[in-house]
Amino acid sequence: MAEAAPAPSVRAAPVVAPLPHPQPTASRLLWFLRVLRAFTRREMIELASYRAWVVTQVVTFGLATVSLVFFSRFIGSAENPHLARYGGDYLAFGLVGILIAELQHVGVSALSQRVRLAQVMGYLEAQMATPAPPWIVLGVAPVYEFGAAALRSAVYLLGAALVLGVRFADAHLASLALTVPLVLAAFGGLGLLTAGTTMLARRFNPVATILTASSVFVSGVVYPTSVLPGWLQSAGKILPLTHALEAMRRALLIGATPQQLAPSLVALALFAVILTPVGLGTFVYALRRAREDGSLTHY
Amino acid sequence: MTAPSPLEAAAGAQAGGRDGDPAILADALAKTFRPPGDVRDLLRGRLFAPPVQALASVSFTVGQGEIVCVMGPNGAGKSTLLRILAGILTPTTGTARVAGLDVAAGDITYRRRVAFVLGDERSFLWRLSGRENLHFFAALHGLTARAGRHRAAALLERVGLAEAADRTFKEYSRGMRQRLAVARGLLGEPDVLLLDEPTLGLDPKGAVELRRFLRREMVQAAGRTALVASNDPAEVRALADRVLFLEAGRLRGETTPDRLEAELGLEAARG
């Protein structure tokens, strides 16, 4: 039978001394940064235990770059009027295209994939049960992924400059300073929208796959959009990647000024202004629905 | 259980708090899930499958300092009840207050006062050590890296994992994993603990030790309140002051641990 229950009113000192918690009025941004730091550290430890995977990733990108080198030699043997707008070097053109497309892929898929993975793996529920607001729990992963992708891109571009002699000397810093945040905001808004619809659909969202595939096709990742028929060029203009590629390539490769990039920058700003609140609204709605139906913590 | 059972006589009984206001007050909690429809549902023009009622008008109270276990067959609604009280699932109707706070708020203050101790092994990162796992969750509790390190070290010591703190989680035994889950639940110094089958899968000796630790140190010595979902009579006898029975989402009654075997018909089965 049950052991005799001591009086529940016994109140001894806590077994572990209570720690002062940050007050609810404490900066949420600081809290987010603390979690981001812990998350980054966690990812580094995990990556260190997946050395073979990391090596495979580097080798895969290295092989893709080498292919690009030989392809650019083939293309570069004759002057190409389609590339003149971007400085004429296909290697630089293709490299920037692949890296920005990768950034969009991360932006569009990181949050939804992380949420889905956490659901499947089962560790989201324990995180959602902590005092951290849901936007912190769910937000650190895509921010980390975005940051890591941006850092990877910078390292690859630096490597291309040092090893392959790709010229970025003419890059216009003010244009880049304007373009990069707009690109990140547009891709981030797209990511929120995709993550929200993924949570609502409760399965991997084909929208992300379709968006990525169609972007590669009509946005000019590995070829300039000028080679496309007119109607496909027009179709490409409704995608943020098209404008991101145009602005980033021209700012990086030929030093285009903000005035020269104005059409692309305005388009990117519009995408950011429209997609961010729409994506945020969809995501918040999906989060509330997930708390109601329990789908956020169950696969 | 045979009718007329004292459980049925006690159905709907409200246990008052022993020390002032109740630590947990559930009032007509109900939860209905609407699962997404499959192909057949879609062909019939329905986006959702027929609704599933997980909880129906569940009301009870838990006094401060009490340990109350919730028993019931699989699918009775125990885990749903705990998730609602943890603030990670919203009830369809009804209200609940835990530690004096409305569960509907489910805000930062609420989740600091109420800890959901989740023993699910998948909720940890397997390639990280026990210490690193706690550091990460300490950050989610808003602790600085330094405070998190101190807190994690103290808790690992407390649950007997100090020596194994730097071994990866995947190397931990089931008992060590449960202890780490307990340590994680204490990161925020909560007033109320919600535990979901805390000794599930442990060997008998490990289970007895963990139950003793949970009852004496985590709850009684620290002046906390606990609601435990369990289907293990041994666990319930060792932990509970009172036992609630859920069946098909409804509260069927309550009893005391010393009457548990009679209520469940285990004595007759042994006889």
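The listed protein sequences correspond, in order, to chains A and B.
Heads up, the first sequence is in the numbering used here, so the first residue is 1 and it goes up one at a time.
Heads up, the second sequence is in the numbering used here, so the first residue is 1001 and it goes up one at a time.
We put the beta carbon where it would ideally sit given N, CA and C, even for glycine.
A quick note: this is a predicted structure, and the numbers were derived from the prediction, not measured.
Query: Near-chain A residues of the segment 1122–1150 of chain B - C-beta to any C-beta below 9 Å; Result: R1122, S1123, F1124, L1125, R1127, L1128, S1129, E1132, N1133, H1135, F1136, F1137, A1138, A1139, L1140, H1141, G1142, L1143, T1144, A1145, A1147, G1148 and H1150
Query: Rounded Cβ spacing between L239/A and S264/A (contact assumed at less than 8 Å); Result: Not quite, the Cβ-Cβ distance comes to about 12 Å (not below 8 Å), so this is no contact.
Query: G1253/B - partner residues in DSSP beta bridges; Result: F1245/B
Query: Close Cβ partners of R1112/B (< 6 Å) along its chain, the five nearest in sequence each way excluded; Result: G1188
Query: Chain B contact for T198/A (CB, 8 Å cutoff); Result: no
Query: Three-state secondary structure (DSSP) of S219/A; Result: coil
Query: In chain order, each alpha helix (DSSP H) run of at least 4 residues that lies wholly inside the segment 1048–1086 of chain B; Result: 1078–1086
Query: Chain-order list of residues whose beta-carbon lies under 7 Å from that of L1202/B (same chain, five-residue window excluded); Result: R1174, G1175, Q1178 and L1210
Query: Residue from Y144/A, Q127/A and A161/A whose Cα sits closest to the Cα of I1108/B; Result: Q127/A
Query: Local conformation of I312/A per DSSP, three classes; Result: Any answer about residue 312/A is impossible in this case: the structure gives chain A only from 1 up to 299.
Query: Distance CB(A1138/B)-CB(G1148/B) smaller than 8 Å; Result: yes
Query: Span of the alpha helix (DSSP H) around A1023/B; Result: Where A1023/B is concerned, there is no enclosing alpha helix (DSSP H), given that its DSSP letter is neither H nor E.
Query: L190/A versus E1197/B: straight-line alpha-carbon distance, rounded; Result: 41 Å
Query: Residues of its chain near P22/A, where Cβ-Cβ distance is below 6 Å and the 5 sequence neighbours each way are ignored; Result: Its pLDDT being 44, under 50, P22/A is placed unreliably in this model, and the coordinates cannot settle the point.
Query: Contact set between the segment 119–152 of chain A and chain B, restricted to residues whose Cβ is under 8 Å from the partner; Result: M121, G122, Y123, E125, A126, Q127, M128, A129, T130, P131, A132, P133, I136 and V137
Query: Near-chain A residues of the segment 1070–1089 of chain B (beta-carbon distance less than 9 Å), N- to C-terminal order; Result: T1080, R1083, A1086, G1087, I1088 and L1089
Query: L29/A burial status per 10 Å Cβ neighbour count (16 or more: buried); Result: exposed
Query: S112/A at chain B interface by Cβ criterion, 8 Å; Result: no
Query: Identified DSSP bridge partners for T1095/B; Result: D1027/B
Query: Listed by chain order, chain A residues near F1116/B by CB distance under 7 Å; Result: A129
Query: Where the alpha helix (DSSP H) through T242/A begins and ends; Result: P240 to L253
Query: Short-range partners of chain A found in the segment 1093–1114 of chain B, where Cβ spacing is below 7 Å; Result: I1108, T1109, R1111 and R1112
Query: F283/A versus V266/A: straight-line alpha-carbon distance, rounded; Result: 25 Å
Query: 6 Å CB neighbourhood of T1080/B in its chain, flanking five on each side removed; Result: K1031, A1054 and L1055
Query: DSSP three-state assignment for D1166/B, whether helix, strand or coil; Result: coil
Query: Distance, V35/A Cα to R41/A Cα; Result: 10 Å
Query: A1181/B to F1169/B span [Cα, whole Å]; Result: 11 Å
Query: Buried/exposed call for G62/A, threshold 16 Cβ in 10 Å; Result: exposed
Query: For V1243/B and I136/A, the rounded distance between their alpha carbons; Result: 37 Å
Query: Minimum C-alpha distance to P1022/B - residue among T1092/B, G1142/B and Q1064/B; Result: Q1064/B
Query: CB contact flag (A1226/B, V1219/B, <8 Å); Result: yes
Query: 7 Å CB neighbourhood of L1118/B in its chain, flanking five on each side removed; Result: A1181 and D1196
Query: Of the listed residues V1068/B, M1071/B, G1106/B and I1067/B, nearest to R1083/B (C-alpha basis); Result: G1106/B
Query: Chain-ordered chain A contacts of D1120/B [CB-CB under 9 Å]; Result: G122, Y123, E125 and A126
Query: Candidates L241/A, Q259/A, A208/A and L200/A: closest to S109/A by CA position; Result: A208/A
Query: Cutoff 8 Å: R51/A Cβ touching any chain B Cβ; Result: no
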